[in-house]
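The structure appears below as structure tokens.
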Amino acid sequence: MHMKPIAAREGNHNLKDYEQVYKNFDWKEINNQFSWDTTGKVNIAYEAVDRHAEDPNKKDKVALLYSSPDREESLTFAQLKEKSNQFANVLKKHNVEKGDRVFLFMPRSPEFYMSFLGILKVGAIAGPLFEAFMEQAVHDRLEDSEAKMLVTTPELLDRVPQDKLPHLKQIVLVGGMREGNQYIDFEQEMKQASDELEIEWVDLEDGMVIHYTSGSTGKPKGVYHVHNAMIQQYATGRWVLDLKEDDVYWCTADPGWVTGTSYGIFAPWLNGVTNVIRGGRFTPEDWYGTLEKYKVTVWYSAPTAFRKLLSAGSEVANKFDLSSLRHILSVGEPLNPEVVHWGLEAFDKRIHDNWWMTETGAQLISNFPSLPIKPGSMGKPIPGVEAAIVDNEGNVLPPKQMGNLAIKKGWPSMMRQIWKRPEKYESYFINGWYVSGDSAYMDEDGYFWFQGRLDDVINTSGERVGPFEVESKLIEHPAVAEAGVIGKPDPERGEIIKAFITLREGYSQSDELLEEIRLFVKKGLSAHAAPREIEIKDTIPKTRSGKIMRRLLKSWELGLPTGDTSTLEE
Ligand code: WT7
């Protein structure tokens, strides 16, 4: 049934003998890669940046290579240390303390990275927000986290409902000021701030980042990660990304999502590697142009991007010199075997799929450079991680049987809390296993194969969207009485968001109204959460307890059998 595995290329991989390492591995073996193992003083920003800045051989190496259509800039490890120290001093001046939440809501820019690191350096917790979020999405995250400070730009300030956020004490504006003396001017204060800092030493178990992510019910939840995650972020940087001293690495994810922090900040810098940052969403020419211009060697992207490049055709690819590329990786959605085969043609390289989630903090299952790839499989667990397929009671199922993809509790980068919701956190764990919400099976060789989500979470172009959030926004529109939202399979985007709604009295169906409703969600939440399709129904199917039966909507949409409908209300 499966296509022939694609053999690993001979080469100097960082994990040559997977089976051997896997059998005997203990996470403690990684500890001696960090200064805290001897000094007892911990801070992930120190290990990622300052440690290299203090190394005479590394300090002048480029850490950050930033490029956007109108700006190009690079910062060495020494410069990044100084800039983040300066920002940490700005935070201190304004009374930010260990454990405070400081959120960032801005496009990718060098200032984003200086600020992010500065926040960690004072022991505060960074909360990066995707720049496309609109008012409601911004509000919900700042309110839930009780963020004390926000770093943003004058352009995005209108989406921050300051009057509704009593905990938000201060706003730092990057790249220009606004009327009113309540704002902190990034440029001005950075100029005045010292570049020397007493960094805040923390505990491995102290918080560092909160990422909000969607489930199938309720508002987005705050996934809380601690400094200890660095152990796994560093190790996977070597084993999975195959990072080496002279690599030029490019992760295309925005730091508003976990890939953009764990693998857009921590993994490359913990490994002391040059990190390319490119802002915005781009055309195939921009993608290839960036690879060529910076001679990228290791490239981490997503199926959506690869599918776009595939459909642009090989004529576009052939215009560029992509010979610097050594290693390509993919995450976020199923990587179709066709795309893996296209990668072999277009780049003469394998595309290495890997699996993890916001909650897991780092990669857990991967196609290592040294393993044969079975196209369509996510690969095998990383050393130190036990993965299995379990039933709903947490019993391990035999190979080839489909069930819940689960991970034995206790890997280094595991989330430590769902912010302020301990019962929600506990609900992830059954019988000592973290249950992911994905269904999968393991084959006889120990490779894992993704089958789908077991809950109603939507994955559109690799971005995770909770149906509840979209439904809540839809019913705020005066024309909408009820709403049910599902993911509908789509060849390019994986899934698109489809909404079923009922109309209130006095409204009737028209294209203008549907477009207005779509824009309403887009303006309230964000473009990626707006339904591409809206269908008007007479009723929305609900259980007797009032829960929307999204599964039934989906079956109708796909023309599938409707299954058990005994809980359907009359
Ligand atoms: C969900 C997590 C942290 C990675 C970025 C997304 C899906 C992730 C794969 C893969 C098929 C995948 C799963 C997972 N997913 N990787 N290789 N193949 N599906 O993080 O937003 O927390 O989403 O993305 O459904 O549960 P996220």
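Quick note: the sequence shown uses full-length UniProt numbering, first residue 1, plus one each step.
Heads up, the beta-carbon is just placed ideally off N, CA and C, and yes, glycines get one too.
What you are looking at is a predicted structure, and each value in this text was computed from that prediction instead of being measured.
Buried or exposed, going by whether 16 or more other CB atoms sit within 10 Å of the CB of residue i?
| i | result |
| --- | --- |
| N12 | exposed |
| L129 | buried |
| S330 | buried |
| G260 | buried |
| L519 | exposed |
| D350 | The identity of residue 350 in the sequence shown is Arg, whereas the question assumes Asp. The residue in question, R350, is buried, as its Cβ has 16 or more Cβ neighbours within 10 Å. |
| E72 | exposed |
| D526 | Note that residue 526 is Ser in the sequence shown, not Asp. It counts as buried. |
| M208 | buried |
| R504 | exposed |
| P467 | buried |
| T283 | exposed |
| Q363 | buried |
| K374 | buried |
| G123 | buried |
| S436 | buried |
| D511 | exposed |
| P422 | exposed |
| S545 | exposed |
| Q79 | buried |
| D206 | buried |
| R550 | buried |
| D438 | buried |
| Q136 | buried |
| Y18 | buried |
| P398 | exposed |
| L553 | buried |
Could you tell me how far apart the beta carbons of residue i and residue j are, in whole angstroms, since I believe they sit closer than 8 angstroms?
| i | j | result |
| --- | --- | --- |
| D443 | K400 | 6 angstroms |
| F77 | H52 | 4 angstroms |
| L120 | A45 | 4 angstroms |
| H225 | M415 | 6 angstroms |
| E393 | N431 | 7 angstroms |
| L75 | K83 | 7 angstroms |
| E463 | K498 | Contact flag wrong, Cβ pair sits at about 16 angstroms. |
| N336 | P303 | 7 angstroms |
| T358 | S324 | That belief does not hold up - the Cβ atoms of T358 and S324 are roughly 31 angstroms apart, past 8 angstroms. |
| R101 | A147 | 4 angstroms |
| G313 | I328 | That pair is no contact at about 18 angstroms. |
| F448 | G379 | 7 angstroms |
| S461 | R278 | Actually they are not in contact, since the Cβ atoms of S461 and R278 sit about 17 angstroms apart, beyond 8 angstroms. |
| L241 | Y300 | 7 angstroms |
Pick out whichever of the options has its Cα sitting closest to the Cα of residue i.
| i | options | result |
| --- | --- | --- |
| I6 | E292, H341, K522 | H341 |
| F112 | E345, R101, V172 | V172 |
| R141 | H167, L117, V122, E155 | H167 |
| Y428 | T39, D455, N31 | D455 |
| Q170 | D158, H94, W239 | H94 |
| E386 | F25, F306, P467 | F25 |
| K244 | G256, P268, A253 | P268 |
| A193 | F87, R464, V42 | F87 |
| N32 | E47, P541, Y22 | E47 |
| D538 | I501, A132, G494, P398 | I501 |
| P154 | L104, V396, G446 | L104 |
| V248 | A8, Q188, L65, L197 | L65 |
| L204 | M177, G218, Q232, I184 | Q232 |
| P478 | Y507, I486, G487, E492 | Y507 |
| A529 | R9, R178, I458, R101 | I458 |
| V42 | E200, Y434, P220 | E200 |
| T360 | W449, D50, F306, I210 | I210 |
| G272 | G384, K61, K319 | K61 |
| I540 | V485, P561, K523 | V485 |
| D50 | K547, D195, G176 | D195 |
| L156 | D144, A132, L165 | A132 |
| E345 | P334, I365, E333, L309 | L309 |
| P489 | G452, V521, E471 | G452 |
Return the bridge partner residues of residue i from the DSSP annotation.
| i | result |
| --- | --- |
| S68 | R71 |
| W250 | V276, W299 |
| K83 | In DSSP, K83 forms no bridge with anything. |
| W433 | K408, I430 |
| L560 | Per DSSP, none; premise fails for L560. |
| P128 | L104 |
| V209 | A126, H225 |
| A88 | None, per the DSSP bridge assignment. |
| K542 | I548 |
| E535 | F500 |
At a Cβ threshold of 8 angstroms, is residue i touching chain C?
| i | result |
| --- | --- |
| R238 | Absent here is chain C; the protein component of the structure consists of one chain. |
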